[in-house]
């Protein structure tokens with residue numbers, strides 16, 4: 058914020074305070090004055106008594122940050138120098154260590170690392186807690202302050218203290234930042250040419266697509282895969298949304314629309330925001346083959362919208378565990394004069410059934426419940442992430458034709474959630490039975 062703009066803001070602020078003392082306006086502004094008048098006194102006390110000189114610019118930005126961050130973990134003020142990086146996050150490219158974060162009970166927690174990112178390669182897993190960044194405890198940081206500290210120019214380093222949820226161990230890691238590109242649509246294993254094989258059971262014609270986040274490019278990436286699968290063709294499809302932290306609402310709607318040809322996909326309602334219903338259309342809808350969607354406790358936001366819409370429209374059977382419960386809408390409001398932007402929670406998401414997926418304190422109903430509950434153990438989750446990490450590594454040749462490494466054999470992994478999905482779809486495809494519906498009776502397994 059420029060010094061000139063700051064002077065004008067403070068001048069207007071003090072002028073308004075003087076007006077509030079006028080007899081005909083005292084009663085009208087008393088409540089507002091009682092709330093915000095201490096800011097002027099705090100500023101005066103800081104300049105009078107603080108041990109070092111402090112610029113008004115620093116105080117004003119801190120006051121704005123505190124005002125917004127006190128609302129919820131997802132609202133924030135975005136300073137001008139961070140706005141470009143913020144916009145990069147939704148476009149699919151961001152410099153840093155590649156990690157999606159949230160705050161639970163004041164603790165900085167990992168929703169998911171980005172595949173092939175520095176955090177991913179270092180073994181950071183969903184559920185891990187970031188306890189320190191460059192020697193500073195994170196308990197005093199906001200979500201966005203922590204994220205800003207983790208971002209930085211490629212090639213620079215950051216030291217983080219990680220408390221692993223599944224192994225209950227703590228370690229200090231030095232990570233080198235990099236340009237993290239989010240390729241959000243993946244298959245089951247790598248094909249010999251370095252691409253992805255999207256057929257998990259070629260004999261039965263069952264396809265498998267793993268969506269890791271929802272960026273601007275995700276609908277286009279998935280559309281290309283669906284065109285390929287349609288030409289093969291496949292008879293059933295598994296969409297894996299486990300560990301997917303979410304992303305753009307429009308991308309989620311576009312992807313749900315590939316499988317739903319009519320009716321609501323999601324609606325939003327807020328105190329001031331205009332209610333909105335986003336409906337499906339019959340254009341470019343994928344053929345109605347039997348489907349399973351895999352979800353877990355780290356499937357959040359846009360992932361929950363897709364899973365919930367497919368469930369409510371009886372388009373797919375959900376297998377896994379209840380999802381994360383992040384169902385709030387954030388809108389970005391640019392500030393005049395290039396002074397950054399405000400990201401504010403303005404509404405909540407509602408599924409076609411009317412369910413609000415957002416997890417509130419003391420609420421029993423949130424997230425999206427699977428029809429078939431299968432909960433993986435801590436060691437199983439670690440093995441699953443390790444197997445994915447190995448599958449994500451590219452073993453294709455360099456531009457000069459030399460191989461970077463030999464491809465190791467695909468690890469044998471008993472993924473009980475995925476195995477149950479295959480069992481269900483194979484049963485539905487069995488020729489001796491009448492074509493089954495795409496949903497299954499609820500069942501529960503540990």
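Numbering (my numbering), first residue to last: 58 to 503. From the three backbone atoms N, C-alpha and C, an ideal C-beta is built for every residue, glycine too. The structure presented is a predicted model; accordingly, all values stated were derived computationally and were not measured.
* Asked: So, helix, strand or coil for residue 417, using DSSP?
  -> coil
* Asked: Who does residue 291 pair with in a DSSP beta bridge?
  -> Here residue 291 is not bridged, per DSSP, to any residue.
* Note down, in chain order, each residue of its chain lying with its Cβ closer than 6 Å to the Cβ of residue 236, except the 5 sequence neighbours on either side. => 152 and 211
* DSSP beta-bridge partners of residue 339 -> Partner(s): none; residue 339 has no beta bridge.
* List the residues that DSSP assigns as beta-bridge partners of residue 263. => 258 and 293
* Is DSSP giving residue 307 helix, strand or coil here? -> helix
* Asked: Between the C-alpha atoms of residue 246 and residue 265, what's the straight-line distance to the nearest angstrom?
  -> 10 Å
* Host beta strand (DSSP E) of residue 198 (start-end) -> Premise fails: residue 198 is in no beta strand (DSSP E) and is neither H nor E.
* Three-way DSSP call (helix, strand, coil) for residue 93 in this model -> Residue 93: helix per DSSP, three-state reduction.
* **Range covered by the alpha helix (DSSP H) that runs through residue 117** => 113-126
* To do: Say whether the stretch 178-189 touches the stretch 120-139, bearing in mind that this needs 3 or more beta-carbon pairs closer than 8 Å, one atom from each stretch.
  => Because the criterion of three Cβ pairs below 8 Å is not met, the stretch 178-189 and the stretch 120-139 do not touch.
* To do: Tell me whether the beta-carbon of residue 291 lies closer than 9 Å to the beta-carbon of residue 479.
  => No.
* To do: Would you mind sorting residue 349 into buried or exposed? The rule is 16 or more other CB atoms within 10 Å of its CB.
  => buried
* To do: Indicate, with yes or no, if the ligand ATP has a heavy atom lying under 8 Å from the CB of residue 129.
  => Here there are no bound small molecules, and the ligand ATP is not part of this structure.
* Is there contact between the stretch 429-437 and the stretch 151-168, where contact requires at least three CB pairs shorter than 8 Å? -> no
* **Sub-9 Å separation of residue 171 and residue 275 beta-carbons** => no
* Please work out which residues of its chain come closer than 7 Å, Cβ to Cβ, to residue 426, disregarding the five sequence neighbours upstream and downstream, and give them in chain order. => Cβ contact annotation for residue 426 (same chain, cutoff 7 Å, sequence separation greater than five): 379, in chain order.
* Could you tell me which residues DSSP pairs with residue 321 in its beta bridges? => 336
* To do: With a cut-off of 8 Å on the beta carbons, I'd call residue 397 and residue 136 a contact; round off their distance for me.
  => 5 Å
* What span of residues does the alpha helix (DSSP H) with residue 523 cover, start to end? -> The requested residue 523 does not occur in the structure, where the chain is confined to residues 58 to 503.
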